[in-house]
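Novice: 10 is the number of the first residue of the sequence shown in this note's numbering; add one for each residue after it.
Below you'll find the structure I mean.
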Amino acid sequence: MQEPTVTQAMIDAYDEYTHLTLDRRRFMEQLTKLAGSGAAAAAIAPMLAANSSAAAATVSTLVLAWVEAAATAREPHRIAFYLGDVAAAFHAWWNMGNDRPDARIILANDAELTATRLYLADGIGQVIRNGLHLMGVEALEEMA
């Protein structure tokens, strides 16, 4: 199975989405047109999110921008949508290891990479916990 190709137009659309000039629905509609199908768009979206992790230093700024935009527009649902996108990207990353053992978060033969990936996973969890707290929701430590 060939991995979908990410084009510059897709990266540009994702950039607009992360900088709040394109809402989630319009981003997915645009990505679907560029990718050729909804299934291809669903496969490419996590790849765009993963590639943007290279810009991790700006994540806290982007999160603050999301919160500020939600407050300014009086649209608190933006925070919930953002958290849903973060959770979906994490889920896609986690599941990538089912098909590609080298993409697993925990690697038996690479302690340094495992530690880095666990650190990133913990950071993602903290972003979700903080967002839930903003909405007055208590995050569960584990599912019952």
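For each residue, glycine too, the CB sits at the ideal point set by N, CA and C.
For A101, which residues from the same chain have a beta carbon less than 7 Å from its beta carbon, with the 5 sequence-adjacent residues on both sides left out?
Specialist: Taking the sequence shown and counting its residues from 1, one reaches residue 101 at position 92. Closer than 7 Å at the Cβ level, and outside the excluded window around A101, lie P55.
Novice: Are the beta-carbon atoms belonging to R33 and F90 less than 8 Å from one another?
Specialist: Taking the sequence shown and counting its residues from 1, the one referred to as residue 33 is at position 24. Taking the sequence shown and counting its residues from 1, the one referred to as residue 90 is at position 81. Cβ atoms of R33 and F90: closer than 8 Å.
Novice: Within a Cβ cutoff of 8 Å, which residues of the same chain sit near M19, ignoring the five residues on either side of it in sequence?
Specialist: Here residue 19 corresponds to residue number 10 of the sequence shown, with the count starting at 1. If we look at M19 and ignore the five residues flanking it on each side, its Cβ neighbours are L40, L43, A44, I53, L57.
Novice: On the criterion of 16 or more Cβ atoms from any shown chain inside 10 Å, does A79 qualify as buried, or is it exposed?
Specialist: Walking along the sequence shown from the start, residue 79 turns up at place 70. With 16 or more Cβ atoms within 10 Å of its Cβ, A79 is classed as buried.
Novice: What span of residues does the alpha helix (DSSP H) with D131 cover, start to end?
Specialist: Translated into positions along the sequence shown, residue 131 becomes position 122. Here the alpha helix (DSSP H) through D131 covers 120-143.
Novice: Are there 16 or more other CB atoms within 10 angstroms of the CB of I157, so buried, or fewer, so exposed?
Specialist: Past the boundaries of the shown model lies residue 157; the chain is included only from 10 to 153, so the question cannot be answered.
Novice: Give the straight-line distance between the Cα atoms of W75 and G145, rounded to the nearest whole angstrom.
Specialist: Sequence index remark: in the sequence shown, residue 75 carries index 66 (1-based). Sequence index remark: in the sequence shown, residue 145 carries index 136 (1-based). W75 and G145: Cα-Cα distance of roughly 17 Å.
Novice: Enumerate in chain order the residues of its own chain whose CB-to-CB distance from P85 is below 8 Å, with the five nearest sequence positions on each side excluded.
Specialist: Within the sequence shown, numbered from 1, the residue matching residue 85 stands at position 76. Closer than 8 Å at the Cβ level, and outside the excluded window around P85, lie A79, M144.
Novice: Can you grab the Cα-Cα spacing for the pair Y26 / Y128, in whole Å?
Specialist: Walking along the sequence shown from the start, residue 26 turns up at place 17. Walking along the sequence shown from the start, residue 128 turns up at place 119. Using only the alpha carbons, I get a separation of about 26 Å.
Novice: Helix, strand or coil, according to DSSP, for P55 in the structure here?
Specialist: As a working mapping, residue 55 is identified with position 46 in the sequence shown. Looking at P55 - three-state DSSP - the assignment turns out to be helix.
Novice: Measure the alpha-carbon distance for A124 versus G134 and round it to whole angstroms.
Specialist: Position 115 of the sequence shown holds residue 124. Position 125 of the sequence shown holds residue 134. Distance between the alpha carbons of A124 and G134 is about 15 Å.
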